[in-house]
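Residue numbers (my numbering): 408 to 999.
We put the beta carbon where it would ideally sit given N, CA and C, even for glycine.
First the structure, in the form of structure tokens, and then the observations on it.
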Amino acid sequence: MPIYIREGKKSSQEHIKFLVHLTSMEIKQEKIVSSSEDIVIYRGVKAMPFIIGMETLDRLGTFGTSSNLMVYLTTVFNMKNVTATILVNIFNGTVYISPLFGAFLSDSYFGRYNTIAFATLSSVMGMTTVMLTAAISKLHPQQCVIKHSAGTCAQPTAWQMGFLLTGLLLLVIASGGFRPCLLPFGADQFNPGTESGKKGISSFFSWYYFTLCFALIISLTLIIYVQSNVSWAIGYAIPACLMLIACLLFFSGSKMYVKVKPEGSPLTSLAQVIVAAFKKRKLKLPSSQSSMFSLFQYVPVNSMKLKLSNTSQFRFLDKSAIIITADRINSDGSATNPWKLCSIQQVEEVKCIIRVIPIWVSSIMYHLATVQQQQTYTILQALQSDRHLGDGTFKVPAASYGVFIYFSPLIWIPIYDRILVPVLRKYTGKKDGLTLLQRMAIGMVIAILTMLVAALVEQHRRYLALTRPTLGISPKGGEISSMSAFWLVPQLMFAGLAEAFNSIAQIEFYYEQFPENMRSIGTSVFFCGLAGSSYLNGFLISIVHHVTSRSSSAGNRDWLPEDLNKGRLDYFYYSIACLSCLNFVYFLVCAK
């Protein structure tokens with residue numbers, strides 16, 4: 408570092424002594440900086456292939472294992488449709504909520520590298536465990552061959568289910584480590600202070616989402632085809648092998664990674680505010696604005712965060728910032744015990760989270776129509792539909808139709824971004840054409856249309872199955888309708904279009920509303936909405952099946968039986984459409 412000596416009354420000898428003193432300090436400082444622990448060498452371009460390669464193989468393995476889980480549970484494990492649907496919803500919900508805990512552990516204790524390393528090992532073990540349930544006959548029930556619609560199959564034993572659930576639990580743990588850490592860890596490999604580093608980060612994000620779409624398409628087509636038409640054991644061995652290669656690839660690049668040490672999770676700060684406010688709940692807040700200075704106003708000197716001013720909303724949280732005689736302040740101005748005294752900055756960060764909760768609640772019901780039904784009962788509809796491609800003998804796997812959900816965003820996003828936004832900008836005056844809340848509202852309307860279309864298609868499928876010659880018996884014993892399964896494509900495309908409007912706007916909304924140090928939590932909040940919808944869907948299916956099956960003796964029909972032709976799945980879809988309408992009204996009130 409340069410040394411500046413101001414001219415003054417000191418003698419030249421004093422200047423020389425001062426210069427020698429500073430030089431010795433600089434040499435000592437250089438020795439410290441030169442230690443291998445403190446030097447940061449960014450090898451972004453060299454490290455990116457290892458991270459992107461590992462991420463691609465992981466996605467191929469993860470989607471290849473979970474995408475066809477519904478069919479696997481109903482055909483290999485002989486589960487009833489309702490039971491399998493509830494289990495899939497619980498699994499998906501736990502997968503979606505696990506990043507919140509993974510982000511906390513990574514930021515507070517382990518760091519991103521260690522968290523990802525643990526997740527890769529957990530993923531390999533989880534996929535291998537699921538593969539073994541298919542490969543070893545004693546780990547799943549005996550094969551059930553139904554020649555007539557009436558028939559019973561052997562149910563999985565307790566230890567068979569326990570072995571399967573162990574594999575699924577390991578996959579949940581792996582998801583909790585991967586989802587919150589992979590993107591930030593990839594960005595850590597580039598120097599954000601240089602122009603080349605910024606370009607590298609942008610390039611990494613582009614490749615990340617490209618490989619994500621690539622992995623989805625391959626998993627929903629090739630891997631699912633092997634599972635459904637060749638062998639479940641081979642079909643699940645492929646993801647396990649891919650994940651093992653991903654694990655080896657990730658660890659082979661360990662020496663060149665930048666490994667940022669954990670600095671503490673924002674979730675800890677959130678908990679501190681709530682605990683401190685509860686402890687001081689009996690105290691009275693200052694009545695006038697001039698007395699706000701009695702509240703703790705500490706902001707770290709080196710903080711790059713935007714300072715938040717105190718607001719009048721949720722004032723009970725301000726009690727955590729009241730300074731009492733028992734509170735102790737450190738020499739740097741921080742609180743000695745942050746679980747008893749929090750700053751106004753911390754309080755306002757918590758308020759930012761509370762403000763988005765009403766909008767977040769609306770996302771739970773929204774995802775019920777666009778995501779949950781398309782991953783469960785749409786697959787069961789495909790199983791009882793004509794899945795032949797043209798007049799040939801090739802039969803499309805039931806779970807592969809889910810790939811059409813991802814076609815809509817790929818087609819629509821470029822059209823909206825390049826054509827509609829410039830036109831809308833002239834009329835609305837908004838730089839993005841529409842506000843984030845408007846885009847979310849449009850997505851909700853399309854979600855309602857998705858359920859209406861799904862109900863009409865199910866009516867048509869069931870009508871053909873009951874009135875015209877069928878194509879045989881499905882794996883679950885129901886007659887296969889002569890309706891082509893490609894009639895399911897419109898509802899899947901509508902669901903994808905709704906996602907292009909609502910889900911993307913949701914992520915942007917959370918990013919804008921959350922403070923800088925909490926924006927990573929915004930992504931986790933989005934996944935928590937998906938988790939809530941998975942749990943809600945499982946709950947609704949259980950209630951509807953229980954209520955309608957009990958009343959079936961009175962002449963009514965069970966809406967969700969094993970054989971969809973004997974049920975009224977269309978009524979269930981109409982019910983979700985009605986609930987989505989109520990949710991839309993709730994969203995409009997909250998948005999206004």
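For serine 889, there is no enclosing alpha helix (DSSP H), as DSSP gives it neither H nor E. Around the C-beta of asparagine 496, 16 or more other C-beta atoms lie within 10 Å, and the residue is accordingly described as buried. A straight-line Cα-Cα distance of about 21 Å links serine 716 and isoleucine 736. Taking a contact to require three or more Cβ pairs closer than 8 Å, the segment 776–789 and the segment 939–948 qualify as touching. A Cβ-Cβ contact shorter than 9 Å links asparagine 485 with proline 563.
A contact is defined here as three or more CB-CB pairs under 8 Å, and the segment 461–472 meets this definition with respect to the segment 519–536. Annotated as distal: cysteine 935 and leucine 674, with beta-carbon spacing of 9 Å or more. In summary, glutamate 602 is exposed, with fewer than 16 beta-carbon neighbours lying within 10 Å of its beta-carbon over all protein chains present. Look at aspartate 839 here: in three-state DSSP terms it is coil, with no helix or strand label. Taking serine 473 as reference, the option from Lys605, Phe457, Val579 with the minimal CA-CA separation is Val579. In the structure shown, the three-state DSSP call for lysine 689 is coil. For phenylalanine 658 and lysine 758, the gap between their C-alpha atoms comes out near 41 Å.
In the three-state reduction of the DSSP assignment, isoleucine 625 falls in the helix class.
Note on asparagine 744: under 16 other CB atoms within 10 angstroms of its CB, so exposed under the neighbour-count rule. At a Cβ-Cβ threshold of 9 Å, threonine 955 and phenylalanine 901 do not count as neighbours. Around the C-beta of aspartate 965, 16 or more other C-beta atoms lie within 10 Å, and the residue is accordingly described as buried. Annotation: the segment 869–951 contains the following complete segments of the alpha helix (DSSP H) (minimum length 4 residues), in chain order: 896–920. Exclusion of the five residues before and after alanine 872 leaves Glu886, Ser888, Asn972 as the residues of its chain whose Cβ lies within less than 6 Å of its Cβ. Contact between serine 661 and proline 587 does not hold, since the beta-carbon distance rounds to 20 Å and is not under 8 Å.
Taking a cut-off of 8 Å on C-beta distances, the segment 622–632 does not touch the segment 536–548, as fewer than three cross pairs fall below it. Counting every other CB atom within 10 Å of its CB across the protein chains shown gives arginine 794 a total of 16 or more, marking it as buried. When the beta-carbon positions are compared, glycine 850 and serine 941 stay at least 9 Å from each other. Residue pairing for alanine 653: DSSP places it in no beta bridge. His867 is the residue among Tyr993, Ile630, His867, Ile766 whose C-alpha sits nearest the C-alpha of phenylalanine 893. Taking the CA atoms as reference points, tryptophan 819 sits about 37 Å from lysine 487. Residues Lys726 of the same chain have their beta carbon placed closer than 7 Å to that of arginine 688, with the five preceding and five following residues left out of the count.
By the Cβ rule, the segment 810–817 does not count as touching the segment 826–841, because fewer than three pairs are nearer than 8 Å.
Per DSSP, reduced to three states, the secondary structure at lysine 606 is helical. Per DSSP, histidine 774 is one residue of the alpha helix (DSSP H) stretching across 751–774.
Here the alpha carbon of valine 633 sits roughly 55 Å from the alpha carbon of phenylalanine 721. Within the same chain, Cβ atoms closer than 8 Å to the Cβ of phenylalanine 570 are found at Thr536, Leu539, Thr540, Leu546, the five residues on either side in sequence being excluded. Nearest C-alpha to isoleucine 630 among Thr618, Trp614, Ala647: Ala647.
Secondary structure at aspartate 734: coil, using DSSP grouped into helix, strand and coil. In chain order, Met772 place their CB closer than 7 Å to the CB of leucine 986, counting only its own chain and leaving out the 5 sequence neighbours on each side. Take the alpha-carbon of glutamate 865 and the one of glutamate 906: they are about 22 Å apart.
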